[in-house]
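Let me begin by presenting the structure, written as structure tokens, before commenting on it.
Residue numbers (UniProt numbering): 1 to 266.
Structure follows, in structure tokens:
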């Protein structure tokens with residue numbers, strides 16, 4: 001009888017110890033992944049940054065804040081911004097950042113992800129408002145770099161490193177799209193006219209050079225004349241070609257009145 005009571009007492013103690021360990025084990029032992037760090041507070045005061053792997057805590061005294069060290073992504077919502085040349089555009093962006101100092105990210109700022117998101121929105125509006133529309137469309141990489149540097153400078157005390165910022169889309173008003181289309185069409189017409197004029201100028205230069213060469217060698221004109229006749233004869237034309245010498249037209253020139261009077265006097 002006494003042995004049964006002793007055994008029952010042992011069982012009670014074992015069950016109590018097992019339940020106690022089951023309840024205290026999560027408070028004493030924690031396992032952190034490779035990309036996680038634990039900021040430990042002991043009685044409300046910062047103690048240390050632990051991890052990764054198995055860490056041991058004092059139950060009910062130590063409190064931890066887990067911090068993810070991987071690159072995080074923030075989608076900056078579409079913002080309506082007025083550019084430097086007073087054009088209203090809608091822009092959105094993506095911000096990539098990571099925590100490099102877990103202690104500062106927990107102690108220096110409340111909800112560092114939300115704070116970085118709000119800072120990215122305000123910085124995006126500020127930078128876009130300082131550039132003109134043409135610069136925004138042509139120098140996207142330069143603007144991305146400027147936004148990234150501005151955000152990184154302000155988040156550095158929080159232990160956050162901004163990896164990059166990418167302006168994803170720029171939405172223009174419909175009237176601005178039509179104006180830009182007209183501008184592009186006009187620019188293409190201007191280039192076409194300039195190219196045509198340059199071609200005419202170069203052709204005129206070549207004709208002048210050819211005329212000077214023919215002037216030095218009159219026989220070249222006759223050869224060119226025969227070559228032209230040969231080219232016409234090769235085609236199936238329905239018209240007749242009758243060549244006339246240039247000297248033949250001299251007889252049809254009008255004679256000046258002074259020449260007629262001179263001839264009569266003679």
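Each residue gets a CB set at the ideal place from its N, CA and C atoms; glycine is no exception.
Since we're looking at a predicted model, the values are computed, not measured.
Cβ distance (whole Å) where residue 56 is taken to contact residue 28 below 8 Å: Reading the chain shown from its first residue, position 56 is the one you call residue 56. Reading the chain shown from its first residue, position 28 is the one you call residue 28. The pair is a contact, with the Cβ atoms about 6 Å apart (cut-off 8 Å).
Three CB pairs or more closer than 8 Å across the segment 83-95 and the segment 166-178: yes
Identity of the residues DSSP links to residue 76 by a beta bridge: Taking the chain shown and counting its residues from 1, one reaches residue 76 at position 76. Answer is 93, bridged to residue 76.
Exposed unless 16 or more other CB atoms sit within 10 angstroms - verdict on residue 112: Within the chain shown, numbered from 1, the residue matching residue 112 stands at position 112. Its Cβ being crowded by 16 or more others within 10 Å, residue 112 is buried.
Through-space distance from residue 136 to residue 169, alpha-carbon basis: As a position in the chain shown, residue 169 is number 169, starting the count at 1. As a position in the chain shown, residue 136 is number 136, starting the count at 1. A straight line joining the alpha-carbon of residue 169 with that of residue 136 spans about 11 Å.
Contacts around residue 117, its chain only, beta-carbon distance under 8 Å, and the 5 residues preceding and following it disregarded: Within the chain shown, the letter at position 117 stands for residue 117. Same-chain partners within the cutoff: 74, 76 and 95.
Exposed unless 16 or more other CB atoms sit within 10 angstroms - verdict on residue 282: The displayed coordinates of the chain run from 1 to 266. Any statement about residue 282 would go beyond what the structure contains.
Short Cβ contact (8 Å threshold) for residue 106 with residue 163: Locating residue 106 in the chain shown gives position 106, where the first residue counts as 1. Locating residue 163 in the chain shown gives position 163, where the first residue counts as 1. Contact flag unset, no.
Given residue 110 as reference, the closest of 155, 197 and 178 once Cα atoms are compared: The count along the chain shown starts at 1 and reaches residue 110 at position 110. Selected option, being the one with the closest Cα: 155.
Same chain only: Cβ atoms within 7 Å of residue 98, ignoring 5 sequence neighbours per side: Numbered from 1 along the chain shown, position 98 holds the residue referred to as residue 98. Only 69, 70, 71, 72, 161 and 163 meet the Cβ criterion.
CB contact flag (residue 149, residue 121, <8 Å): On the chain shown, residue 149 is found 149 positions in, with the first residue counted as 1. On the chain shown, residue 121 is found 121 positions in, with the first residue counted as 1. It is not a contact, given that the beta carbons lie outside the stated cut-off.
Residue 64 versus 84, 32 and 129, residue with shortest Cα-Cα distance: Counted from its first residue, the chain shown places residue 64 at position 64. Between residue 64 and the set 84, 32 and 129, the nearest pair of CA atoms involves 32.
Beta bridge counterpart(s) of residue 42 as assigned by DSSP: Walking along the chain shown from the start, residue 42 turns up at place 42. Beta-bridge pairing links residue 42 to 45 and 62.
Three-state secondary structure (DSSP) of residue 194: Numbered from its first residue, the chain shown carries residue 194 at position 194. Looking at residue 194 - three-state DSSP - the assignment turns out to be helix.
Alpha-carbon spacing of residue 213 relative to residue 143, whole angstroms: In the chain shown, counting from the first residue as 1, residue 213 sits at position 213. In the chain shown, counting from the first residue as 1, residue 143 sits at position 143. Roughly 59 Å between the two C-alpha positions.
For residue 221, the three-state DSSP class (helix, strand or coil): Your numbering for residue 221 matches position 221 in the chain shown. Residue 221 falls in the helix class under three-state DSSP.
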